[in-house]
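Structure first, commentary second.
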Amino acid sequence: MSSIEFRKDLFADERDDTLKEIGKPTIRQDILGHVTGRSPYFDDHLFDGLLHMRCVRSPHHHARIRSIDTSAADRMPGVRRVIRPEDVPNNLNTLLSLINFGKDDEALLQGKKVAYVGEPVVAIIAETERQARDAVAVVRVDYEVLPHVLDVEEALEPNAPVVSETYPNNTFDYHDLYDHQKLRFGDVDKGFAEADHIVEGRYQMSPIEQAPTETCGAIAAPETNNRFVCYTSTQALFFSLGTTAKLLNMPSSQLHFIGGTVGGGFGGKVDSLHEPLAVLGSKLTGAPVKFTFDRAEEMQVGAPRGAERWFIKDGVMNDGRIVARQFTGFFDSGAYTRLSSYAIIKGTGHLPGPYSIPNVASNVYCVYTNRTPATAMRGFGITGVDFSIECHMDKVAETVRMNPIELRILNSYRDGDMKAHRRLAKNTALIECCQVAAGKAKWPISADAAAQSSLQGGGGDRAIIPETVTDQAGRIGERRRSKIPTAPGEGATSKGRVAAGSSVAPIVAVPPQRDDMVIDPSRTGHRKAGAGPAVPPVQATPQAPPRYTPPTPAAPVQTIPSYTPPPAAPVVQPSQPAPAVQPPAPEPYQPSEPFQKGIKRPGVSRFISGTRRR
Amino acid sequence: MLTVETFDTLVQAASAMTPQSRYLGGGTLVMRGVNYGDQSFQRIVRVKDRSLREIRSEGGRIVIGAGATMANVMAASETAFLANVARQVGGPAVRNMATVGGNLFAEHPYGDFTTALLALDATVRLSDGSEQPIESFLSSRSSMRGLVASVSVPRPMGDEFRFRKVSRVKPKGVSVMSIAVWLPRQGGRISQARIAFGAMGATPLRAKSAEQALDGVNLDAQGIERALSVATTGLNPTDDSLASAWYRNEVAPVHLRRVLLGEESR
Amino acid sequence: MVKTPIRFTLNGSETALFVDGGANLLDTLRRGVGDLSPKYGCGQGTCGTCTVLIDGEPHLSCLTLAETAEGRSIETTNGLANGAELHPLQKAFMENFGAQCGYCTPGMLMAAKALLSKNPNPSREEIVEAISGNICRCTGYEPIIDAIMIAAGQLRGRVA
Ligand SMILES: Cc1cc2nc3c(=O)[nH]c(=O)nc-3n(C[C@H](O)[C@H](O)[C@H](O)COP(=O)(O)OP(=O)(O)OC[C@H]3O[C@@H](n4cnc5c(N)ncnc54)[C@H](O)[C@@H]3O)c2cc1C
Ligand code: FES
Ligand code: FES
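Residue numbers (my numbering), protein chains in the order written: chain X, 1473 to 2086; chain R, 21 to 286; chain A, 17 to 176.
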């Protein structure tokens, strides 16, 4: 195939090229079905008397349900069954509960409080799809609209609406104890103190819909032996089976799931939204039932790759070596957990990207907002932060006036290096990637950079786990909660489980959250103004750094202008009223003592400093 | 529940229309509504008469049947000057289905063909034989009774008529805007220009200030300057997922300049 | 519910059945006739995976009212192969990585077939135009375009 080039010259001795299949293009085994139109996707199974299911969905970002009136739908032509939230045997689940990760937070049909546009409330089964749609149109749901929050940092403000009562602080609780995922490697403060330059950046990506050509769906039908067969588009057959068994409170031995032929998934078909309802519908009607997204639902309700916001701060030497890198990340999980909490663990293991940096720290928050719940998508947990890291690498290159590809080669990890998650790097290939990419792009790199190899220069001192700062209790700034609050002023159970509220008033996050959540303007380069919906724009450095012009390969970098920090962030003052609590006035960054619990220093991230207690 | 009523002639169909009916042209928009459970109609009215697809010359004008598809327009020699417009509606399959009559009613951001018809000062002929200038037709189309039988347009000379569709995905993307201009010239100078913008309001709209500003000028960078400065006067774009109203207003003069000067767009 | 009888030829065979009011051709072919080769991807004309040929021209079956197919000739991917012998387009898609998940493939094949029957020697640009109404999320299109080029070459060779 024309678009793939195998560079067999690289790492040739790490590979056996006599293999018959590996390393060669292979014709798919299912291709004959594809080109003849006979591959059996879930919808390609014909059943006599197939019924069709459609859902009544929330038109609001956030609303309490006062009542649901389905009486008119019951009387519509062709309607066989109306399924209400109370008809779901065990109407609360979280996707990763099958591996014991996270609290049940999401209903199959929501009867109490909807938390995103499109959340399903009622399911209707009719003889034709059109009849099901017509019946959906006559269901009356009485909503009391609640304030909503659509931005991750706003969701962490003290008075933000509580998106999910399971997580009243709008953050996922790791191990029931921590409100974020933490990584510490070496001492970033020491690194920043040694550095010639501090380079900071804020990066934001939008949710991305996987948009598979086949929309998600399932057909379930009663089988003999009191079993149900379910043909599904799922990417995770046993996940879907287990989830169905749990929500419907039935033994998995009664479920006969058939999948494997998927019309594109890209991560968007793991959420198991359709199988449980299709099986339930089939159980309640005794007939085959099809439940599928139309395209509009796929785009609006289907879980996307979640949005991420990253703040990165690097300490860089004049010669381009990055000596410290600190991350604060916010994953927009949407209204429920699905897979975001897991994506963050994955992402944290990936930090600081494919580079060897002796001092690394990160705090990453899984934040709930009133947006469509997010889920997997190719490389999730990695792609967003990699986008941020690579943008930031260019910014670093501009700061030290260095060829951006050489900067990457210089900082690249090499075989034998210790990664921040304390595993030795092996089979690294970033240097070779950079060299090949530079060649393809006709981007000149120095002879020295071109001579580097992933196989050399790693290990040794670079294989050592550095002394890592701990707090006075010997922990890496760990936060143990004494309790997880529920409603304002209330205590909670040790498990942090909150009975779903029936109170009309929105539950607000507890005040102690506030201090730690104020964005430090000196760190992030922007000041948060008020609790208005608009996120103040990132401060733009007034003079754009000079454009990089690639040097001729041999020319050594001559004088490196000493770093002039960007002028203090011009305070962005949107028209909103000033916030009630102003963050302390920033002082110039003055790294001094090593990390200590409870010490607040201006210029040090509140997210990193670990002073927050509940 | 939906029913389909099929008639032999447009006149019969017109008399069968009720507020609960929807006339089916090529169906590219009507069937979307059907598939997505549009509750605003219960009856689909269709006509079997193939003559609604005819395209022919009549006097100095070209008459295009309401049932003519974009593919029909591209194929007919009479409408060669509109082939470039028809080619920019959807992909090949859409063009085999989408009719000129349906395009007259297509809501934002659709209506590229209608934008061209507006610039050409088309006349819309209804099933009862009455005729209406396209501009007044567009302003009242939502409340219109009766069905459209055909539209007629004059045949523009040489390069007097130009059309450009601005979209993000090429080919086939939906309009950020479309621009059609008719620039009759007298002794080298523009006289009585017509400029129409699609996707810059609820219906295709004329840019009348810009039209006036072109009167009597030469078609060069200097001559059109004033027209560009008032290009968006009277237009009323909205935000949608393709572009914001602000963006549309900002780029409209840029694209208008390219159309007027025959510059390549990128 | 009112059912309307319709008749058409499907891949050369006379076909007759009853349809519901408002039924589209896609559902009619799939659930009514049992030809599952055209796929549902959107029901609104944007994905092209339901593309079928009506009287030789590509149409979106999801937006075609079934009754308007009365008396017409419909072709789908199901009828593309000649018995056990694949159509050159099918072979070319198979051998040149023209499909991954395969869900767009039936529509792509129909769009390509319509192109090649009118234009046996298309340029890459003409192929892009011909499949511009068909979305593929997996392949990145290049292998599909390659496959159509190769099939065109083979078809020309066969005629010569
Ligand atoms: C994938 C896709 C891409 C598209 N891209 C474009 C594009 O690029 N540019 C563009 O302009 N449009 C586009 N469209 C929209 C649409 O296809 C066209 O506007 C088309 O011309 C509509 O014609 P139709 O015959 O299909 O309309 P229909 O769906 O049949 O009808 C549309 C409306 O017009 C009414 N109507 C139709 N004919 C008559 C008549 N004779 N008298 C009275 N009322 C009538 C109908 O009742 C209905 O309300 C696209 C649509 C799709 C699905
Ligand atoms: S299903 Fe017909 S175009 Fe997508
Ligand atoms: S092969 Fe998956 S959509 Fe084209």
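We put the beta carbon where it would ideally sit given N, CA and C, even for glycine.
Because the structure is a prediction, the values reported are computed rather than measured.
Neighbouring residues, chain R, relative to residue i (Cβ below 8 Å)
i, result
"X/A1414", "As shown, chain X starts at 1473 and ends at 2086. That puts residue 1414 of chain X outside it, with no answer to give."
"A/S148", "G111, P112, P191, K192"
"A/N40", "M51, V54, N55"
8 Å Cβ cut-off: residues of chain X touching residue i
i, result
"R/M37", "The contacting residues do not exist; R/M37 stays about 22 Å from chain X at best."
"R/M21", "P1549, R1602, Q1603, D1606"
Which of helix, strand or coil DSSP assigns to residue i
i, result
"X/V1551", "strand"
"X/K2126", "Since the first and last residues shown for chain X are 1473 and 2086, residue 2126 of chain X lies out of range."
"A/S135", "Reading off the sequence, residue 135 of chain A comes out as Asn, not Ser. Three-state result, A/N135: coil."
"X/N1863", "Reading off the sequence, residue 1863 of chain X comes out as Cys, not Asn. Helix, per DSSP."
"R/H275", "helix"
"X/P1694", "strand"
"X/L1653", "What sits at residue 1653 of chain X in the sequence shown is Gln, not Leu. X/Q1653 falls in the strand class under three-state DSSP."
"X/L1727", "strand"
"R/P174", "strand"
"X/K1818", "helix"
"A/C117", "coil"
"R/G218", "strand"
"R/M197", "strand"
"A/F21", "For the record, residue 21 of chain A in the displayed sequence is Pro; it is not Phe. Reduced to three states, the DSSP call for A/P21 is strand."
"R/A34", "helix"
"X/K1718", "helix"
"R/I75", "strand"
"X/D1541", "strand"
"X/R1556", "coil"
"X/A1673", "For clarity, residue 1673 of chain X is Gly in the given sequence; the question names Ala instead. Here X/G1673 sits in strand by DSSP."
"R/W202", "strand"
"X/F1483", "coil"
"X/G1689", "strand"
"A/G169", "helix"
"X/E1601", "helix"
"R/V189", "coil"
Buried or exposed by the 16-neighbour rule on C-beta atoms within 10 Å, applied to residue i
i, result
"X/R1797", "buried"
"X/G1819", "buried"
"X/G1663", "buried"
"X/S1636", "buried"
"X/A1971", "Note that X/A1971 has pLDDT 26, beneath the 50 cutoff, so the model's placement of it is unreliable and the number below is only indicative. It is exposed - the Cβ of X/A1971 has fewer than 16 other Cβ atoms within 10 Å."
"X/K1480", "exposed"
"X/N1572", "exposed"
"X/H1533", "buried"
"R/P257", "buried"
"X/S1812", "buried"
"R/M287", "Limits of chain R in this structure are 21 at one end and 286 at the other, which puts residue 287 of chain R out of reach."
"R/A36", "exposed"
Partner residues on chain R for residue i, Cβ-Cβ distance less than 7 Å
i, result
"X/G1766", "Residue identity differs from the one stated: residue 1766 of chain X is Asp in this sequence, not Gly. Under the 7 Å cutoff, chain R gives Y56."
Cross-chain neighbours of residue i in chain A, by beta carbon under 8 Å
i, result
"R/A26", "At residue 26 of chain R the sequence reads Thr, which differs from the Ala that was named. Those are E83, listed as they occur along chain A."
"R/T48", "G61, L76, L79"
"R/I64", "G37, G38, L81"
"X/A1683", "R153"
Neighbouring residues, chain X, relative to residue i (Cβ below 7 Å)
i, result
"A/L33", "Those do not exist, as A/L33 stays about 14 Å from chain X at its closest Cβ, beyond 7 Å."
"A/P104", "Here the premise fails: no neighbours, minimum Cβ distance about 11 Å."
What residue ranges within the stretch 110 to 172 of chain R form continuous alpha helix (DSSP H) runs of no fewer than 4 residues, ordered along the chain? 112 to 117, 120 to 125, 132 to 139, 154 to 160
Those runs of the beta strand (DSSP E) which lie wholly inside the stretch 1781 to 1813 of chain X and span at least 3 residues: 1794 to 1806
Ignoring anything shorter than 4 residues, give me the alpha helix (DSSP H) runs that lie fully in the stretch 1834 to 1897 of chain X, in order along the chain. 1855 to 1871, 1876 to 1883
Residues with C-beta closer than 6 Å to any heavy atom of ligand 5, in chain order: Looking for ligand 5 in the displayed structure turns up nothing; the ligands present are ligand 1, ligand 2 and ligand 3.
Unbroken stretches of the alpha helix (DSSP H), 4 residues or longer, contained in the stretch 1485 to 1532 of chain X: 1503 to 1508
Taking one C-beta from the stretch 1686 to 1704 of chain X and one from the stretch 1512 to 1520 of chain X each time, how about it: are there three or more such pairs within less than 8 Å? yes
Assess contact between the stretch 147 to 158 of chain R and the stretch 105 to 122 of chain R, defined as three or more Cβ pairs (one per stretch) separated by less than 8 Å. Is contact present? no
Can you give, in chain order, each stretch of the beta strand (DSSP E) that sits fully within the stretch 17 to 89 of chain A and has at least 3 residues? 19 to 26, 29 to 36, 67 to 70, 73 to 76
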